[in-house]
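Undergrad: The structure is given below, and queries will be raised subsequently.
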Amino acid sequence: MICAKPGEDRRYHLVALLLQQRSQPVPRSSRLPSAVNQDERRHGEEFNRLKYLLALALAPVCRRYWKVSEQFQNDIMKTTISLSSPAQLETESLVAIVLDHTDQTQKDQTQKDKNKDAKPQLKLATGDPAVQSAAADLLASGELTGKPFEINLLHKPGGLKAKRLLLIGGGAAKKFATYDLRRIAGAAVRTLKARGIRSFAFIAPPSISAEEAVSAIVEGALVGNFDADYYRSDRKDQKIDALTILAAGNQAALEKAANEAQVIGESQNFTRDLVNEPSNRMTPTILGDRAKKMCQEVGLKCEVYGADKIKELKMGAFWGVAQGSDEPPALIVMKYEPAGAPEKPVLGLVGKGITFDTGGISIKPADGMEKMKYDMAGGATMIGAMRAIALLKPKVKVIGIVCATENMPSGKAQKPGDVQIAMSGKSIEIINTDAEGRLVLADGLVYARQLGCTHLVDAATLTGAVVVALGYANAGIFANDDAMYERFHKANEEAGEKMWRLPLDDEYKDNIKSSIADIVNSGGRWGGAINAAMFLKEFAEDTPWIHLDIAGTAWMEDQKPWIAKGPSGIALRSLVEFVKSFAN
Ligand SMILES: [Zn+2]
45 MICAKPGEDR
55 RYHLVALLLQ
65 QRSQPVPRSS
75 RLPSAVNQDE
85 RRHGEEFNRL
95 KYLLALALAP
105 VCRRYWKVSE
115 QFQNDIMKTT
125 ISLSSPAQLE
135 TESLVAIVLD
145 HTDQTQKDQT
155 QKDKNKDAKP
165 QLKLATGDPA
175 VQSAAADLLA
185 SGELTGKPFE
195 INLLHKPGGL
205 KAKRLLLIGG
215 GAAKKFATYD
225 LRRIAGAAVR
235 TLKARGIRSF
245 AFIAPPSISA
255 EEAVSAIVEG
265 ALVGNFDADY
275 YRSDRKDQKI
285 DALTILAAGN
295 QAALEKAANE
305 AQVIGESQNF
315 TRDLVNEPSN
325 RMTPTILGDR
335 AKKMCQEVGL
345 KCEVYGADKI
355 KELKMGAFWG
365 VAQGSDEPPA
375 LIVMKYEPAG
385 APEKPVLGLV
395 GKGITFDTGG
405 ISIKPADGME
415 KMKYDMAGGA
425 TMIGAMRAIA
435 LLKPKVKVIG
445 IVCATENMPS
455 GKAQKPGDVQ
465 IAMSGKSIEI
475 INTDAEGRLV
485 LADGLVYARQ
495 LGCTHLVDAA
505 TLTGAVVVAL
515 GYANAGIFAN
525 DDAMYERFHK
535 ANEEAGEKMW
545 RLPLDDEYKD
555 NIKSSIADIV
565 NSGGRWGGAI
575 NAAMFLKEFA
585 EDTPWIHLDI
595 AGTAWMEDQK
605 PWIAKGPSGI
615 ALRSLVEFVK
625 SFAN
């Protein structure tokens, strides 16, 4: 496979294209008949030479057809901690947060008085008097509201060595928290990189503990640095290369926080990178290769199994989905077994890796189907989480399992009414072939238990129903164990990711009863996300288990000030925090 990064020397591209041409077999239709005479052979060679020349000439317009490098440049950002005074720092831009200190009761009073001219009490979130005074006129002007993500850029700010001072609104000072800081750091990156600026310094707000602030700023900045436009021939090479964080505290502790946050942010972007690739460039085989390569880089054991192993393990539910596709499936198993970790617990992270979901024979409508390349986001999240875990080295065993396949309609595809026997021996009546995620996960969960996992978490873009229930703001979370849920919820809050628990009451079990088999794979429309989770519960059995339905949160439908439109990488940070909680 040939790799070429946009922005690399064009000669590289030409060579890449030529090699690519050479390595591809000539299609049967354009092959010369075997009994050609010398003249025809010479003409054939001449034709080939012309073809290469044509490739050379067309190279500049063909850029979009080249495979984009596996290590995309989105996430390379150097982070430095500085304890120096913001006013003295030479930088392309300083970034400070504007907070509204207006008293809420005062505000209500002003509204009652209909005094619309009353100005909000705006202050910069920094203790540095020189920075305060550089922005004093603007803050006093009444032109700013201080609302979240309000942007103002001052050039040559008086009294500062920085070339620019970027002010970003943070909303009410009383409500301002780490969650907001992460997003504001992302917004700073997106604002500055769009102006061609490649480095800046962010003033950590003193209201949040310095280590927590540093983590949030690094994570948020990395999220903001990602853009999805890989295959645009006019893709601009806009990114932040270097971030300095101005904070007060112990330099070593702050650097440790920054390094850990960098691992997490880069891993999140690694996941987004996988999800962003279209399905013709992210087949189950390619996903397996990418996982293997990552595991080699960070020192994880990794096995990628094909159809033979899936059949040998009697994963009838997984194979039922995979059988319809010409692309071979991949069962990806990544193992993190640090020296000195106790025998138990063994955490199992199981991801849905449908690299494209057509719905199968129960085919989806054409409208919006292109988004179904994202249906491997749960699997990509687990691969990214394993990367972060391997680099952060918590003392706890973790096994990551991704069941990767396409879901295609074909003459070999499973049909509604078919009965499949899952790895656990349970029989499943296929009501809807589009409810395939739970089928591959069912066998993934059972396999994880067979490998010795004592605690399970799965992540999947599982149901449209979870989007109906919770919209795009919260992922759905399900648990068969309250202690496990509490632990995950805590990790959620620390990671600044929003998830909402949905019920798994026994009453819902009626929805997945079958008259021919043990269960059906689709419990119908009402409570669809819960029915799917009830199905998975049958395979987690009594192992403590969390199910994350990230169908509404894995993909940003629109760009936001802090994040590009496209894959979000959401759930990764929570998963890493959750795993770390077992090592404490
Ligand atoms: Zn589906």
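Counted the way the working numbering counts, the sequence shown spans residues 45 to 628. Glycine is no exception: its CB is placed at the ideal position from the N, C-alpha and C atoms.
1. Looking at the unbroken beta strand (DSSP E) that takes in residue 286, where does it start and where does it end?
2. Is residue 259 closer than 8 Å to residue 305 when the C-beta atoms are compared?
3. Considering just the uninterrupted stretch of the alpha helix (DSSP H) at residue 223, what are its terminal residues?
4. In the structure shown, what three-state DSSP assignment does residue 516 receive?
5. Using a 10 Å radius around the Cβ and a threshold of 16 neighbouring Cβ atoms, would you call residue 187 buried or exposed?
6. What I want to know is whether the C-beta of residue 190 ends up closer than 7 Å to one or more non-hydrogen atoms of ligand 1.
7. Beta-carbon distances below 7 Å to any heavy atom of ligand 1 define the shell here; list its residues in chain order, please.
8. Would you tell me roughly how many angstroms separate the C-alpha atoms of residue 110 and residue 279, rounded to the nearest one?
9. Which residues mark the beginning and the end of the beta strand (DSSP E) in which residue 533 is found?
10. May I ask which residues mark the beginning and end of the alpha helix (DSSP H) holding residue 483?
11. Taking only three categories from DSSP, how would you classify residue 66?
12. Taking only the alpha-carbon atoms, compute the straight-line gap between residue 49 and residue 234 and give it to the nearest angstrom.
13. Could you tell me whether the segment 400 to 408 touches the segment 333 to 349, where touching means 3 or more Cβ pairs closer than 8 Å?
14. Expressed to the nearest angstrom, what Euclidean distance is found between the alpha-carbon atoms of residue 475 and residue 579?
15. If I measure Cβ to Cβ from residue 240 and keep anything under 8 Å in the same chain, skipping five residues before and after, which residues do I get?
16. Of all the options 182, 371, 224 and 288, which has the alpha carbon lying nearest to the alpha carbon of residue 129?
17. For the alpha helix (DSSP H) that residue 258 lies in, which residues bound it at each end?
18. Let me check one thing: in DSSP terms, what residues is residue 503 bridge-paired to?
19. Hey, would you say residue 583 sits closer than 8 Å to residue 483, going by beta carbons?
20. Between the segment 376 to 396 and the segment 426 to 434, can you find at least three pairs of beta-carbon atoms closer than 8 Å?
21. Could you check if residue 449 is buried or exposed, using at least 16 other CB atoms within 10 Å of its CB as the buried criterion?
22. Given this structure, state the Cα-to-Cα distance separating residue 323 from residue 407, to the nearest angstrom.
23. Just confirm the distance between the C-beta atoms of residue 121 and residue 266, as a whole number of angstroms; I'd bet it's less than 8 Å.
24. Rounded to the nearest angstrom, what separates residue 615 and residue 623 at their Cα positions?
25. Which of helix, strand or coil does DSSP assign to residue 449?
26. Using only the alpha-carbon positions, how far apart do residue 601 and residue 441 sit?
27. Just curious, the beta strand (DSSP E) that residue 543 is in, first and last residue?
28. Mind checking whether residue 472 and residue 562 have CB atoms under 8 Å apart?
29. Could you check whether residue 573 and residue 510 sit closer than 8 Å to each other, using their CB atoms as the reference points?
30. Take residue 390 and list the residues in its own chain whose beta-carbon comes closer than 6 Å to its own, dropping the five residues that flank it on each side.
31. According to DSSP, is residue 523 part of a helix, a strand, or is it coil?
32. Can you tell which of 205, 595, 243 and 617 has the C-alpha that lies nearest to the C-alpha of residue 286?
33. Is residue 261 closer than 8 Å to residue 245 when the C-beta atoms are compared?
TA: Looking at the atomic coordinates:
1. For the purposes of this step, residue 286 is identified with residue 242 of the sequence shown, where counting begins at 1. Counting along the chain, residue 286 sits inside the beta strand (DSSP E) bounded by residues 286 to 290.
2. To locate residue 305, count along the sequence shown from 1; it is residue 261. To locate residue 259, count along the sequence shown from 1; it is residue 215. Taking the C-beta atoms as reference points, residue 259 is found nearer than 8 Å to residue 305.
3. As a working mapping, residue 223 is identified with position 179 in the sequence shown. Looking at the DSSP string, the run of the alpha helix (DSSP H) that includes residue 223 is 222 to 237.
4. The residue labelled residue 516 in the question sits at position 472 within the sequence shown. Residue state for residue 516 is assigned as coil, using DSSP reduced to three classes.
5. By one-based count along the sequence shown, residue 187 stands at place 143. With fewer than 16 other beta carbons inside 10 angstroms of its own, residue 187 counts as exposed.
6. On the sequence shown, residue 190 is found 146 positions in, with the first residue counted as 1. Every heavy atom of ligand 1 is 7 Å or more from the Cβ of residue 190, so no.
7. Output, sorted by chain position: 398, 401, 403, 419, 451, 478, 479, 480 and 481.
8. Locating residue 110 in the sequence shown gives position 66, where the first residue counts as 1. Locating residue 279 in the sequence shown gives position 235, where the first residue counts as 1. With a pLDDT of 39 at residue 110, under the threshold of 50, the modelled position of this residue cannot be trusted; read the value that follows with caution. Each residue's alpha carbon lies about 14 Å from the other.
9. Locating residue 533 in the sequence shown gives position 489, counting from the first residue. Residue 533 -> not in any beta strand (DSSP E); alpha helix (DSSP H) instead, spanning 526 to 539.
10. Along the sequence shown, one-based indexing puts residue 483 at 439. Per DSSP, residue 483 belongs to the alpha helix (DSSP H) from 481 to 494.
11. Position 22 of the sequence shown, counting from 1, holds the residue named residue 66. Note on residue 66: pLDDT 41, under 50, position unreliable in the model; no value is reported.
12. Position 5 of the sequence shown, counting from 1, holds the residue named residue 49. Position 190 of the sequence shown, counting from 1, holds the residue named residue 234. With a pLDDT of only 44 at residue 49, under 50, the local geometry of the prediction cannot be trusted, and the value read off the model is given with reservation. Per the coordinates, the alpha-carbon of residue 49 lies some 22 Å from the alpha-carbon of residue 234.
13. Using a Cβ-Cβ distance cut-off of 8 Å, the segment 400 to 408 and the segment 333 to 349 are not in contact, since fewer than three pairs of beta carbons, one from each stretch, lie closer than that value.
14. If you number the sequence shown from 1, residue 475 lands on position 431. If you number the sequence shown from 1, residue 579 lands on position 535. Straight-line spacing of the CA atoms in residue 475 and residue 579 works out to 13 Å.
15. Within the sequence shown, the letter at position 196 stands for residue 240. Cβ contact annotation for residue 240 (same chain, cutoff 8 Å, sequence separation greater than five): 282, in chain order.
16. Within the sequence shown, numbered from 1, the residue matching residue 129 stands at position 85. Measuring from the Cα of residue 129, the nearest candidate turns out to be 288.
17. As a position in the sequence shown, residue 258 is number 214, starting the count at 1. Per DSSP, residue 258 belongs to the alpha helix (DSSP H) from 254 to 268.
18. Along the sequence shown, read from residue 1 onward, the residue named residue 503 stands at position 459. Answer by DSSP bridge pairing, in chain order: 395 and 592.
19. Position 539 of the sequence shown, counted from the first residue, corresponds to residue 583. Position 439 of the sequence shown, counted from the first residue, corresponds to residue 483. Cβ distance not < 8 Å, so residue 583 and residue 483 don't count as in contact.
20. Enough Cβ pairs lie closer than 8 Å, so yes.
21. In the sequence shown, residue 449 corresponds to position 405, counting from 1. With a 10 Å radius around the Cβ and a threshold of 16 neighbouring Cβ atoms, residue 449 comes out buried.
22. Along the sequence shown, read from residue 1 onward, the residue named residue 323 stands at position 279. Along the sequence shown, read from residue 1 onward, the residue named residue 407 stands at position 363. So the two alpha carbons sit approximately 17 Å from each other.
23. Walking along the sequence shown from the start, residue 121 turns up at place 77. Walking along the sequence shown from the start, residue 266 turns up at place 222. 6 Å between Cβ atoms; contact.
24. Taking the sequence shown and counting its residues from 1, one reaches residue 615 at position 571. Taking the sequence shown and counting its residues from 1, one reaches residue 623 at position 579. So the alpha carbons of these two residues sit roughly 12 Å apart.
25. As a first step, residue 449 must be located in the sequence shown, where it is residue number 405. The answer is strand: DSSP assigns residue 449 an E or B state.
26. What you label residue 601 is simply residue 557 of the sequence shown in a count that begins at 1. What you label residue 441 is simply residue 397 of the sequence shown in a count that begins at 1. Rounded to whole angstroms, residue 601 to residue 441 spans 35 Å at the Cα level.
27. Working through the sequence shown from its first residue, we reach residue 543 at position 499. Where residue 543 is concerned, the enclosing beta strand (DSSP E) starts and stops at 543 to 545.
28. Position 428 of the sequence shown, counting from 1, holds the residue named residue 472. Position 518 of the sequence shown, counting from 1, holds the residue named residue 562. It is a contact, given that the beta carbons lie within the stated cut-off.
29. Locating residue 510 in the sequence shown gives position 466, where the first residue counts as 1. Locating residue 573 in the sequence shown gives position 529, where the first residue counts as 1. Cβ distance < 8 Å, so residue 510 and residue 573 count as in contact.
30. For the purposes of this step, residue 390 is taken as the residue at position 346 of the sequence shown. Around residue 390: 441, 496, 497 and 498.
31. Residue numbering aside, residue 523 sits at position 479 when the sequence shown is read from its first letter. Residue 523 falls in the strand class under three-state DSSP.
32. By 1-based counting over the sequence shown, the position of residue 286 is 242. When only C-alpha atoms are compared, the closest one is 243.
33. Taking the sequence shown and counting its residues from 1, the one referred to as residue 245 is at position 201. Taking the sequence shown and counting its residues from 1, the one referred to as residue 261 is at position 217. Going by C-beta atoms, residue 245 is not nearer than 8 Å to residue 261.
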